[in-house]
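So in UniProt numbering the end of the sequence shown lands on 301, straight run, no missing numbers.
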Amino acid sequence: MTLPPLPAGLVTRPLAMSDLDATFRVYVEDEFVNTGHRMVEPEDIESDWSRSSFDLATESIGVFEGDVLVGAAEVFGARRADGAVLPSHHGRGIGTWLAAWTEHTARARGGTLVGQSKFEGSPAESLLRGRGYRTLWTSWVLEVPEGAEIAQQPLPPGYAIREFTAADERAAYQLIEDAFNEWPDRTPQSFEDWRPRIVGRTGFSPWQIRFVTDEAGEPVGIACLILDSQNCAYVDQLAVRRDHRGRGLARALLVDAFEEGRRRGATRSELSTDSRTGALGVYLAVGMVVTQSWRHWVTDV
Numbered sequence: 001m002t003l004p005p006l007p008a009g010l011v012t013r014p015l016a017m018s019d020l021d022a023t024f025r026v027y028v029e030d031e032f033v034n035t036g037h038r039m040v041e042p043e044d045i046e047s048d049w050s051r052s053s054f055d056l057a058t059e060s061i062g063v064f065e066g067d068v069l070v071g072a073a074e075v076f077g078a079r080r081a082d083g084a085v086l087p088s089h090h091g092r093g094i095g096t097w098l099a100a101w102t103e104h105t106a107r108a109r110g111g112t113l114v115g116q117s118k119f120e121g122s123p124a125e126s127l128l129r130g131r132g133y134r135t136l137w138t139s140w141v142l143e144v145p146e147g148a149e150i151a152q153q154p155l156p157p158g159y160a161i162r163e164f165t166a167a168d169e170r171a172a173y174q175l176i177e178d179a180f181n182e183w184p185d186r187t188p189q190s191f192e193d194w195r196p197r198i199v200g201r202t203g204f205s206p207w208q209i210r211f212v213t214d215e216a217g218e219p220v221g222i223a224c225l226i227l228d229s230q231n232c233a234y235v236d237q238l239a240v241r242r243d244h245r246g247r248g249l250a251r252a253l254l255v256d257a258f259e260e261g262r263r264r265g266a267t268r269s270e271l272s273t274d275s276r277t278g279a280l281g282v283y284l285a286v287g288m289v290v291t292q293s294w295r296h297w298v299t300d301v
């Protein structure tokens, strides 16, 4: 595959850890233009780059104008891609070049399908649609608005909620992995790839993982919480073991996580879910409202 030409004056090279701040700027400015909100945090990018399966030198690319990073992209596991362009450089063909690069990189690493999640109605959706991409699922960002009351959800008898300890890393990973692997089109994740997202994240504290335990004290549900720089408590991962579902444990974990976030200074609470999970109704039932819709676009490579 031959990549399309870039405009004169632009050069490319793999990203490096020293490009983290510049990459954050590209992603956050592009995101803000599309959504009116800042979603990404520098720690999100750092944790993605810290995955054991990810090679920054061969699975990332930056587009530069002089010393300024104006576009960036990564491919994870020859399947999921991220990419963005500084709004000041939209319309110059950089996004098209980055999309072609992600397709080429996924194919070169043995992938058969590559995709990106994009804000509904954004120019990036038009770009991907024009390249023959199709949608696989829809994702929603939901919020408990500032000051809104969080509906209480009592635990059934015999269950309790506690926070994470250093001995819980593998249990936390396994709860998440077993539940998430029930989704269609989900690539299993190793412990070494999962760990940087929460436990290995810069600034992690034990209160950010909440377990619900059964009568024997065994963790059967988990909520992983991130408190971002905008004082938003974001539930990044939520799972309940299959044989303990239907008892209100997920809602109880959500309420507990939101309350814990408020105790830590959060003024809002957020999470995201998608149409593969069937969990949207759970989140609406605790008073959350949909604030954004995203679609995951894929193409065969």
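Don't be surprised by glycine CBs; every beta carbon is placed ideally from N, CA and C. No experiment lies behind these values; they were computed from the predicted model shown.
Taking just the CA atoms, how far does E29 sit from P5?
By 1-based counting over the sequence shown, the position of residue 5 is 5. By 1-based counting over the sequence shown, the position of residue 29 is 29. Their Cα atoms are separated by approximately 24 Å.
Of the residues I150, E260, Y283 and W194, which one's Cα is nearest the Cα of S52?
If you number the sequence shown from 1, residue 52 lands on position 52. Ranking the options by Cα distance to S52, first place goes to W194.
Which stretch, first to last residue, makes up the alpha helix (DSSP H) that contains R80?
Taking the first residue of the sequence shown as 1, we reach residue 80 at position 80. Premise fails: R80 lies in the beta strand (DSSP E), R80 to V85, not in any alpha helix (DSSP H).
If you run the structure through DSSP and keep just helix, strand and coil, what is F119?
On the sequence shown, residue 119 is found 119 positions in, with the first residue counted as 1. Strand, per DSSP.
In terms of residues, what are the limits of the beta strand (DSSP E) holding F32?
Position 32 of the sequence shown, counting from 1, holds the residue named residue 32. Premise fails: F32 lies in the alpha helix (DSSP H), L20 to T35, not in any beta strand (DSSP E).
Do the CB positions of A223 and A257 come within less than 8 Å of each other?
On the sequence shown, position 223 is the one that residue 223 refers to. On the sequence shown, position 257 is the one that residue 257 refers to. Taking 8 Å as the Cβ cut-off, A223 and A257 qualify as a contacting pair.
Of the residues A151, V11 and S50, which one's Cα is nearest the Cα of R201?
For the purposes of this step, residue 201 is identified with residue 201 of the sequence shown, where counting begins at 1. Checking every option, the nearest Cα to that of R201 belongs to S50.
N-terminal and C-terminal residue of the alpha helix (DSSP H) that Y283 is part of:
Translated into the one-based positions of the sequence shown, residue 283 becomes position 283. That run of the alpha helix (DSSP H) goes L280 to A285.
Would you kindly report the start and end of the unbroken beta strand (DSSP E) that includes Q292?
Counting from 1 along the sequence shown, the entry for residue 292 is found at position 292. Per DSSP, Q292 belongs to the beta strand (DSSP E) from V289 to D300.
To the nearest angstrom, report how far apart E146 and V255 are at their CA atoms.
Working through the sequence shown from its first residue, we reach residue 146 at position 146. Working through the sequence shown from its first residue, we reach residue 255 at position 255. The straight-line gap from Cα to Cα measures roughly 15 Å.
Helix, strand or coil, according to DSSP, for D214 in the structure here?
Here the question's residue 214 lines up with position 214 in the sequence shown. Residue state, collapsed to three classes: coil.
Determine the direct distance from the alpha carbon of D214 to that of P42, and round the result to whole angstroms.
Reading the sequence shown from its first residue, position 42 is the one you call residue 42. Reading the sequence shown from its first residue, position 214 is the one you call residue 214. If you take the alpha carbons of P42 and D214, they lie about 36 Å apart.
Same chain, Cβ closer than 8 Å to R25, neighbours up to 5 away in sequence not counted
The residue given as residue 25 occupies position 25 in the sequence shown. Exclusion of the five residues before and after R25 leaves L69 and L86 as the residues of its chain whose Cβ lies within less than 8 Å of its Cβ.
Following the continuous beta strand (DSSP E) through A223, name the residue where it begins and the one where it ends.
To locate residue 223, count along the sequence shown from 1; it is residue 223. Unbroken beta strand (DSSP E) run through A223: P219 to L227.
If you draw a straight line from the C-alpha of Y140 to the C-alpha of Q116, how long is it?
In the sequence shown, counting from the first residue as 1, residue 140 sits at position 140. In the sequence shown, counting from the first residue as 1, residue 116 sits at position 116. For clarity, residue 140 is Trp in the given sequence; the question names Tyr instead. So the two alpha carbons sit approximately 15 Å from each other.
Between N181, A172 and V212, which lies nearest to R197 when the distance is taken from Cα to Cα?
For the purposes of this step, residue 197 is identified with residue 197 of the sequence shown, where counting begins at 1. When each option's Cα is compared against that of R197, the closest is A172.
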